[in-house]
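Residue numbers (numbering that gives the first Met the number 0), protein chains in the order written: chain V, 0 to 499; chain E, 0 to 209.
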Amino acid sequence: MRRVKILTIVLVIVLLSLIAFGGIYIQTQNRMENKVRDYKLGRELDSQRVVELKVAQEETDSTKDEENTESGTTESTEATENTEATESTEATENTETTENTEDSNKTNEETIKNYETVKTTIENRLDSLGATDYTISLNKVDGTIRVELPENDFTDMYIYYLTAESRIEIIDKETEEVLINNDMIKQAKYSYNVNNSGSYIVNEVIELTKEGQAKLTEILNNYALLQTEIDGIESEKSNTESTATESTSTESTQTTENTTQTTSTENTTEENSEPTKKVANLVVGETTYEVSKIEGNKITVQIGTQTSNTTSVNNYISQAAEIAMLQNTGKMPVQYETYSNRYEYSNITKQQIGIFALVVLSIVLVILIIFSVIYKVSGILASISFIGFIAIYSIIIRYTNVMISVEGICAIIIIILLNLKFTQELLEKTKKVNLLKEALKLTYKDIFIKIIPIIILSIVACLTKWDNLSSFGMIMFWGIVLIALYNFIVTRTLLKLKKQ
Amino acid sequence: MKKRDIIILAIMMIIIVIGIILACTIGFNKQLRYSDSQKIDIYVGEEVDLNKIKEIANEVIGNNNMVQIIEIYGDMVTIRAKSISEEQKNTIVNKIKESYEFEQTAENTNIENVPATRIRDILKKYVLPLSVSGLIILIYMLIRYHKKGLLPVMLNTILIPIIIELVLLSVLVITRIPIGIYTPSLILLVFVFATIFVINKIEKLPEIKA
């Protein structure tokens, strides 16, 4: 009976190993398909999206123009210098050259600083959008930014926001002169509420910098920015216009009769229009929004109102969230455009990963053979149990949807080493104490007390947003849980049956 | 402290000092994936055999190169190396043309620069999780082994992992082993074993009598 039990357990382990390492093949549509789920590989082991961003052409052109103008000025200055050259000494020329070099160095430093700012803004945007894994590199010479992103449902959205811009500006409605620019905006927050009539109002609160606030106070003396004020001015204007039309018609009919009276009416109209303010608009990108409230350095903008349609309300909310996100993640001092957007397979092939796995398994097999030689039957049974452990572990990793990154592979190695240590300790203690129950208790105590810090590390890693580290944490966590349960259920039973 | 421990510590310190000097002067050696490099993209128009292209790249540029299949249908290939000359570019394109039929010529293939990734950008995401877990581990150790004295427990828990990690980084910089995608895993692996080593060491410490 004891032998039958051992044989049954061994057969179950063999079956599990066959499923884990070979798979279950079922015929579907004239081909054999493996029904066991495949491993989910991370960006560095499978594929990724690589986006190259370059400084926008317009920007470069304008910079070139500026440079040309600068060089033109320099030329003219040089010309003047030439005329004066006869008078000046060589020493002064040298100091001028040093100054010029210093100037160009400063401009270079500023350009590099701007590129760095854009890179930081992109990083902030990706973090704010919840991108869990990315690599950004910057070429400081031409400003090219290379972004590597994992391929998933959100990749295209991330790519859109890499270069998206939403400048918040307050402009003169007539002349389109920028009164408050994007640099004077500190941050933006969005909110939504329901008013008395039951309609949803989505608002964006734009906070200005100190400089912006001072400028706003100055602007408000001459400009109307609040929607209520603008409405008042516009209705006044339309009233004036209608009065003007009426007066013109009166003029045409009663020209000969009341010439003096008409002139007096015109004068009064002119007097009334004199004190009206100019109109300023708050523009985000190319859309003009209504300003509903101004309080200190905060301007409340109404993004939209809707009574019942939830889709429209959601659209307004996402519009407001987008403005806030683009504003709060930092400025883009240089305009960029997408130069290339490519799907890139990893240079680490599946074949290479397979070879690595085979090498690791071969080493484990050698260690298990050593166990079998040292601990004889107990060693053989523990080794069979170990193979079952690896099989179940590989199935768990696949079915818990854990992503395998390079860090994840490292976690698998750590878990295999930990289980080897556990098996060796258990065999050693069983040999010494000769009481399985006592040996098992001691092994659990020894191993698990020592790995509490590793459990802490695993849990913290599980909670991180970053894919590579969470992969490490998840694989470690499942591995530790499996070591605890599997050895208690399978290894202990096998050794117990052998003892009997 | 035993004489053997002092010798080991002294050797470690020497390695760390040399490592710091080298890191400050010549810096770390980076894997091609993370260093300034050049690339050429070739549109083959049919499914590419990566090994074949890799062989050509090895033959023309040398072994320090990266060959990757790009685009979803696997019909385009990118070859990346520290630097690619015009001559090398022409040879690669023409050699690939011998195996595949495609329109792209050596003349209309551009050599493009690929910017380097900074080591701090690769490692910065590890700093916060490792610091948080380090802090929680420290608190756990102080509570669990309070009978062994707070100062020795604290010093061992903080210093040993830091010294071992510094030795690892110094070895990497001295031996010029390139920093690459496996480096963070190596750091994690060393952190795990350093922690186990700390526990073994602290457990051997005698308890302080009240």
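Every residue, glycine too, gets a C-beta built ideally from N, C-alpha and C.
Which partner residues of residue i appear in the DSSP bridge assignment?
{"i": "R30(V)", "result": "T27(V)"}
{"i": "P149(V)", "result": "Q47(V)"}
{"i": "T399(V)", "result": "In the DSSP output, where bridge partners are listed per residue, T399(V) has none listed."}
{"i": "I144(V)", "result": "L52(V), L137(V)"}
{"i": "Y42(E)", "result": "M75(E)"}
{"i": "M65(E)", "result": "R79(E)"}
{"i": "D102(V)", "result": "Paired residue(s): none; D102(V) is not in a bridge."}
{"i": "G303(V)", "result": "V201(V)"}
{"i": "R341(V)", "result": "V49(V)"}
{"i": "V113(E)", "result": "S36(E)"}
{"i": "Q186(V)", "result": "E206(V)"}
{"i": "N192(V)", "result": "I200(V)"}
{"i": "I167(V)", "result": "V283(V)"}
Please list the partners that residue i has in chain E, where partner means a Cβ-to-Cβ separation under 7 Å.
{"i": "E406(V)", "result": "P183, S184, L187"}
{"i": "W465(V)", "result": "K124"}
{"i": "L43(V)", "result": "What sits at residue 43(V) in the sequence shown is Glu, not Leu. Those within 7 Å of E43(V) in chain E are I180."}
{"i": "F471(V)", "result": "L187"}
Cβ closer than 9 Å: which chain E residues qualify as neighbours of residue i?
{"i": "R145(V)", "result": "V113, P114, T116"}
{"i": "V282(V)", "result": "Simply none; closest approach about 35 Å."}
{"i": "F476(V)", "result": "The premise fails here: F476(V) is roughly 13 Å from chain E at the closest Cβ pair, so nothing lies under 9 Å."}
Find the residues of chain V that neighbour residue i, judging by a C-beta separation of less than 8 Å, and give them in chain order.
{"i": "D120(E)", "result": "T134, I135, S136"}
{"i": "A67(E)", "result": "It is Gln, not Ala, that sits at residue 67(E) in the sequence shown. Under the 8 Å cutoff, chain V gives E343, Y344, S345, N346."}
{"i": "V191(E)", "result": "I413, I453, L456"}
{"i": "I91(E)", "result": "None at all; the shortest Cβ gap to chain V is about 16 Å."}
Which residue wins for smallest C-alpha separation from residue i, given the options the options?
{"i": "N190(V)", "options": "M183(V), I322(V), L40(V)", "result": "The identity of residue 190(V) in the sequence shown is Ser, whereas the question assumes Asn. The option with the nearest alpha carbon to S190(V) is I322(V)."}
{"i": "I170(V)", "options": "L219(V), S198(V), E164(V)", "result": "L219(V)"}
{"i": "I474(V)", "options": "G22(V), K39(V), L15(V)", "result": "K39(V)"}
{"i": "L150(E)", "options": "K96(E), E206(E), L187(E)", "result": "E206(E)"}
{"i": "K440(V)", "options": "G303(V), E206(V), I450(V), E424(V)", "result": "E424(V)"}
{"i": "P128(E)", "options": "L417(V), S384(V), N433(V), L456(V)", "result": "L456(V)"}
{"i": "M75(E)", "options": "S169(E), V170(E), Y42(E)", "result": "Y42(E)"}
{"i": "I403(V)", "options": "T100(V), Y222(V), K349(V), K436(V)", "result": "K349(V)"}
{"i": "G22(V)", "options": "L481(V), A390(V), Y114(V)", "result": "A390(V)"}
{"i": "F153(V)", "options": "L468(V), T131(V), K185(V), I395(V)", "result": "T131(V)"}
{"i": "R124(V)", "options": "V140(V), K139(V), Y160(V)", "result": "Y160(V)"}
{"i": "I229(V)", "options": "K292(V), A213(V), E210(V)", "result": "K292(V)"}
{"i": "V193(V)", "options": "V312(V), N29(V), N296(V), I25(V)", "result": "V312(V)"}
{"i": "T287(V)", "options": "R491(V), I167(V), V11(V), F385(V)", "result": "I167(V)"}
{"i": "E31(E)", "options": "G179(E), F192(E), E45(E), V131(E)", "result": "A quick correction: the sequence has Leu, not Glu, at residue 31(E). That would be G179(E), whose Cα lies nearest to the Cα of L31(E)."}
{"i": "E294(V)", "options": "S241(V), I205(V), S237(V)", "result": "I205(V)"}
{"i": "S165(V)", "options": "L178(V), D155(V), D182(V)", "result": "D182(V)"}
{"i": "Y139(E)", "options": "I454(V), L493(V), K464(V)", "result": "I454(V)"}
{"i": "I163(E)", "options": "S82(E), A9(E), E70(E)", "result": "A9(E)"}
{"i": "I43(V)", "options": "T399(V), L137(V), K297(V), I352(V)", "result": "It should be pointed out that residue 43(V) corresponds to Glu in this sequence rather than to Ile. Nearest C-alpha to E43(V): I352(V)."}
So which residues of chain V does residue i contact, with C-beta pairs closer than 7 Å?
{"i": "T194(E)", "result": "P452, I453"}
{"i": "G44(E)", "result": "Per Cβ cutoff of 7 Å: no residues; G44(E) is ~16 Å from chain V at best."}
{"i": "E70(E)", "result": "R341, Y342"}
Is there a C-beta anywhere in chain B that falls below 9 Å from the one on residue i?
{"i": "L167(E)", "result": "This model lacks chain B altogether, as its protein chains are V and E."}
In chain V, what lies closer than 9 Å to residue i by C-beta?
{"i": "I163(E)", "result": "Within chain V, no residue comes near I163(E); the closest Cβ sits about 14 Å away, beyond 9 Å."}
{"i": "L49(E)", "result": "Y344, N346, T348"}
{"i": "G73(E)", "result": "Y344"}
{"i": "E206(E)", "result": "None at all; the shortest Cβ gap to chain V is about 16 Å."}
{"i": "I198(E)", "result": "I448, K449, I450, I451, P452"}
At a CB-CB cut-off below 8 Å, which residues of chain E make contact with residue i?
{"i": "V459(V)", "result": "P128, V131, S132, I135"}
{"i": "F388(V)", "result": "Within 8 Å Cβ-Cβ: nothing; F388(V) doesn't reach chain E, min ~19 Å."}
{"i": "L468(V)", "result": "K124, Y125, P128"}
Indicate, with yes or no, if the ligand SAH has a heavy atom lying under 8 Å from the CB of residue i.
{"i": "D40(E)", "result": "Questions concerning the ligand SAH fall outside what the structure shown contains, since it holds no ligand whatsoever."}
| said: For the region 129–159 of chain E, list every residue whose C-beta sits within 7 Å of some C-beta in chain V, in sequence order. | reply: Of all residues in the region 129–159 of chain E, only V131, S132, I135, I136, Y139 come within less than 7 Å of chain V when Cβ atoms are compared, listed by chain position.
| request: Note down, in chain order, all residues in the region 330–346 of chain V with a beta-carbon under 8 Å from any beta-carbon belonging to chain E. | output: Contact annotation: in the region 330–346 of chain V, residues whose CB is within less than 8 Å of a CB in chain E are R341, Y342, E343, Y344, S345, N346.
| Should the region 374–392 of chain V be called in touch with the region 480–498 of chain V, which here means at least 3 C-beta pairs below 8 Å? | Between the region 374–392 of chain V and the region 480–498 of chain V there are three or more inter-stretch CB-CB distances shorter than 8 Å, so the stretches are counted as touching.
| said: Taking 8 Å as the cut-off, does the region 168–183 of chain V touch the region 275–289 of chain V (at least 3 CB pairs, one atom from each stretch)? | reply: The region 275–289 of chain V, when compared against the region 168–183 of chain V, does touch it at the 8 Å Cβ threshold.
| said: Taking beta-carbon pairs under 9 Å, can you tell me which members of the region 7–34 of chain E lie near chain V? | reply: Contacts with chain V (Cβ-Cβ distance below 9 Å) from the region 7–34 of chain E involve R32, Y33, listed in chain order.
| query | Can at least three beta-carbon pairs, one atom from the region 37–53 of chain V and one from the region 339–348 of chain V, be found at a separation below 8 Å? | reply | Flag = yes, the region 37–53 of chain V and the region 339–348 of chain V touch.
| task | Evaluate the contact criterion for the region 107–125 of chain E versus the region 31–45 of chain E: three or more CB pairs, one atom per stretch, below 8 Å. | result | With a cut-off of 8 Å, the region 31–45 of chain E and the region 107–125 of chain E count as touching, because enough Cβ pairs lie within range.
| request: Tell me, please, whether the region 116–129 of chain V touches the region 7–19 of chain V by the rule of three or more beta-carbon pairs shorter than 8 Å. | output: Not touching, per the Cβ criterion.
| message | Any contact between the region 196–213 of chain V and the region 294–310 of chain V? By contact I mean 3 or more CB pairs, one from each, below 8 Å. | response | In short, these stretches touch, since the Cβ pair count reaches three.
| said: With three or more beta-carbon pairs closer than 8 Å as the criterion, would you say the region 139–146 of chain E touches the region 357–373 of chain V? | reply: No contact exists between the region 139–146 of chain E and the region 357–373 of chain V.
| Per the contact definition of three or more C-beta pairs closer than 8 Å, is the region 469–489 of chain V in contact with the region 415–430 of chain V? | Result yes; three or more Cβ-Cβ pairs closer than 8 Å.
| said: Against chain E, which members of the region 423–451 of chain V pass a CB distance test of less than 7 Å? | reply: So the list reads K449, I451, given in the order they occur along the chain.
| Cβ contact (3+ pairs, closer than 8 Å) linking the region 179–195 of chain E and the region 159–171 of chain E | Three or more pairs of CB atoms, one per stretch, sit closer than 8 Å, so the region 179–195 of chain E contacts the region 159–171 of chain E.
| task | Please determine if the region 47–55 of chain E and the region 11–26 of chain E are in contact, where contact requires at least 3 C-beta pairs separated by less than 8 Å. | result | Taking 8 Å as the limit for Cβ pairs, the verdict is that the region 11–26 of chain E does not touch the region 47–55 of chain E.
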